[in-house]
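Each protein sequence line maps, in turn, to chains A and B.
Just so you know, we're using the working numbering here: the first sequence kicks off at 1 and counts up by one.
Just so you know, we're using the working numbering here: the second sequence kicks off at 388 and counts up by one.
Even for Gly, the Cβ is constructed at its ideal location relative to N, Cα and C.
Only a predicted model underlies this, so the values are computations on that prediction, with no experimental measurement involved.
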Amino acid sequence: MRPVAVIGAGCTTFGEKWNTSFRNLFVEAGMLALEDANLSGEQIDAMYVGNMSAGRFVEQEHIGALIADYSGLASHHIPSTRVEAACASGGLSFRQAVIAVASGMEDIVVAAGVEKMTDVATGASVDTLAGAADREWEGFAGATFPGLYAMIATNYTHRYGLTREQLAQVAVKNHFNGARNPIAQFQQEITIDTVMKSSLVADPLRLFDCSPITDGAAAVIVAPLDRAREFTDTPIKVIASAQASDTIALHDRRDISTLDATVAAGKRAFEMAKLTHKDIDMVEVHDCFTIAELCAIEDLGFCPKGQAGKLTAEGVTALDGDLPVNTSGGLKACGHPVGATGIKQVFEIVQQLRGEAGRRQIDGARIGMTHNVGGTGATVAVHILEV
Amino acid sequence: MSVARFWRKIPQRYNLVGTQCTTCGSYFFPPRTFCPECRRAGVIVEHRFKGTGEVVTHTVVRSASEQFEQMTPYVLAIVQLDEGPRVTGQVVCAPEEVKIGMRVKPVFRRISTDGESGVIYYGTKYIPDE
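Quick look at the structure:
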């Protein structure tokens, strides 16, 4: 395998983008990434596009070809492939691009993610997202996505004595970071009181424990490391790419409060990068709900099980803490266009490692990690990047 | 859910018919035709579950998809059946009544409806059993 680097990255602003179409969202992100890498379209060898459910959100399938076409590349006939793994679609499209370049099969590859979620009503989007779990045996019984994560939270709280305030602190911290991110859907700081007084969605999760419905797209360009300096002065090396799966239904898991796929993918990533937890300067984890961020920190091995709530309350995961988590604002404040999230996480780490993260910059950042979850943990992708 | 997909699962949904691997003794509900432990060596037979069990975790769903909107708030739980497997289902009780460790037993109930004049889906819910 040959070493791979990210040579360009672009991201749209995240939010309710009613004036922008699905295809234009992607084109905007793709153009930003190409400009960033000083590339022209005809230099692209292949594309991978992460997308969860355009078929239900905008009633469009065949996304790979659509994206290649509206990127102005139809006449180049490049291979363009849609990658789907629910909310981990972006993370997996990045991994596919990395594998394609590492194998020597392709040189310049675009990894992108896109989702347009606000063109349907809330009930329809709740139902579409429930498809990331087991439709026949979870969705049939009335399980919603917040409902499933709420059951993780109930089980976790019962076993580890998590307080409601510690859980709320995850959202407070991520909104603080989002307020420092110009692409974030929510750029307002909030207090614990904001979370505690918001409406209940699925007990104990309240509205401010949940990531929003979002439109957005992100794209990064990967290339062989030995060619990276043709395009950029600051290539970002991909030093680990790991993926793992688990049961589709939460009720079949070995442990309701542990995402074993995160444990497995995290372990593989650390082995591949030959690093320990102390080497990681910051991590973008999949906080689709506040409880998910706590599970992620623990399951990746940054602290023992049951301790992440306490660490969050103590500020360890804040921008100025020992382990900054979700400097972008996370899914919670930056927004969660499901298929785009995994690529946005890479975009954030690339910005941090280049020292371009502005008011949320982590001083001296050298190594960053991304963690992208599909469903309630049936698919997980973990990547480690180094400047 | 389409009518055909629902129809195929009626024995399982109405009578909690799952499967057992007689090679290793594991029980499966929802039914599996392939034992994750024994794999091709596993011999799978049907098994009708008693349906009694214990709440492992729970929530109260207050914001639901269109099909379940009119039922909110409803109690959703993961129930560990006495034979071992776990299943996601609704518990028919007041939101403040549900607890981890609570014993439950199965009841035959309407689960949801496909719109105003669509198919009515029946299946198993759970009620407190203590």
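Sixteen is the threshold: since fewer than 16 other Cβ atoms of the shown chains lie within 10 Å of the Cβ of Ser75/A, the residue is exposed. Using a CB distance cut-off of 9 Å, Ser199/A counts as an interface residue toward chain B.
Close to Arg473/B, with beta-carbon spacing below 8 Å, are these residues of chain A in chain order: His251 and Asp252. As DSSP reads the structure, His434/B sits in a beta bridge with Gly405/B.
Ranked by how close their Cα comes to the Cα of Met1/A, the residues Glu28/A, Glu106/A, Arg359/A and Gly8/A have Glu106/A in first place. For Phe57/A, not one C-beta of chain B is nearer than 9 Å to its own C-beta.
For Cys295/A, no beta strand (DSSP E) run applies; the uninterrupted alpha helix (DSSP H) run containing it begins and ends at Thr290 to Asp299, by DSSP. Setting aside the 5 residues that flank it on each side, Thr122/A is surrounded in the same chain by Ile213, each with a C-beta closer than 8 Å to its C-beta; the list follows chain order.
Leu319/A has its alpha-carbon roughly 11 Å from the corresponding atom of Gly178/A. When Cβ-Cβ separations below 9 Å define contact, Gly510/B makes contact with chain A. With contacts defined as CB atoms closer than 9 Å, Val350/A and Ala9/A qualify as a contacting pair. If you compare the alpha carbons of Asp501/B, Glu517/B and Pro472/B with that of Gly412/B, the shortest gap goes to Pro472/B.
Counting C-beta pairs closer than 8 Å gives fewer than three between the stretch 262 to 273 of chain A and the stretch 174 to 194 of chain A, which falls short of the contact rule. Interface flag for Pro182/A against chain B is unset, since no Cβ pair is found closer than 9 Å. Residue environment analysis places Gln185/A among the buried positions, since at least 16 neighbouring C-beta atoms fall within 10 angstroms of its C-beta.
Under the DSSP definition of a beta bridge, Thr81/A partners with Tyr48/A. Under the three-state reduction of DSSP output, Asp516/B falls in the coil class, being neither helix nor strand. Cβ contact annotation for Lys278/A (same chain, cutoff 8 Å, sequence separation greater than five): none. Asp127/A belongs to the set of residues whose beta carbon lies under 9 Å from a beta carbon in chain B. According to DSSP, Ala202/A shares a beta bridge with Leu205/A and Val448/B. Against Asn24/A, chain B offers no close residue; the least beta-carbon distance is about 29 Å (beta-carbon pairs closer than 7 Å).
Of Thr409/B, Cys425/B, Ile431/B and Thr410/B, the smallest CA-CA separation from Arg419/B is found for Ile431/B. With a threshold of 9 Å between beta carbons, Tyr461/B makes contact with chain A. Distances from the alpha-carbon of Gln169/A to those of Thr232/A, Ala313/A, Ile108/A and Ile236/A put Ala313/A closest. Using a 10 angstroms sphere on the CB of Asn51/A, the tally of other CB atoms reaches 16 or more, which defines it as buried. Ranked by how close their Cα comes to the Cα of Ala242/A, the residues Ala37/A, Leu92/A and Glu35/A have Leu92/A in first place. The contact set of Glu136/A on chain B, defined by CB atoms closer than 8 Å, consists of Met388, Arg392, Lys396 and Pro417 in chain order. Apart from the 5 residues on each side of it in sequence, Ser198/A sits with its Cβ closer than 6 Å to the Cβ of Arg206, Leu207 and Phe208 in its chain, given in chain order. Counting only runs that start and end inside the stretch 316 to 372 of chain A, there is no beta strand (DSSP E) element of at least 3 residues. Using a Cβ-Cβ cut-off of 7 Å, Arg449/B is close to Leu200, Val201 and Ala202 of chain A, given in chain order. Interface with chain B (9 Å Cβ-Cβ cutoff): Met117/A is excluded. DSSP, read as helix, strand or coil, puts Met105/A in coil. Closer than 9 Å to the CB of His286/A there is not a single CB belonging to chain B. CA-to-CA, the gap between Val98/A and Glu470/B works out to about 45 Å. For Met196/A, the uninterrupted alpha helix (DSSP H) run begins and ends at Ile192 to Lys197, by DSSP. Within the same chain, Cβ atoms closer than 8 Å to the Cβ of Gly131/A are found at Ser53, Arg56, Ala86 and Gly139, the five residues on either side in sequence being excluded.
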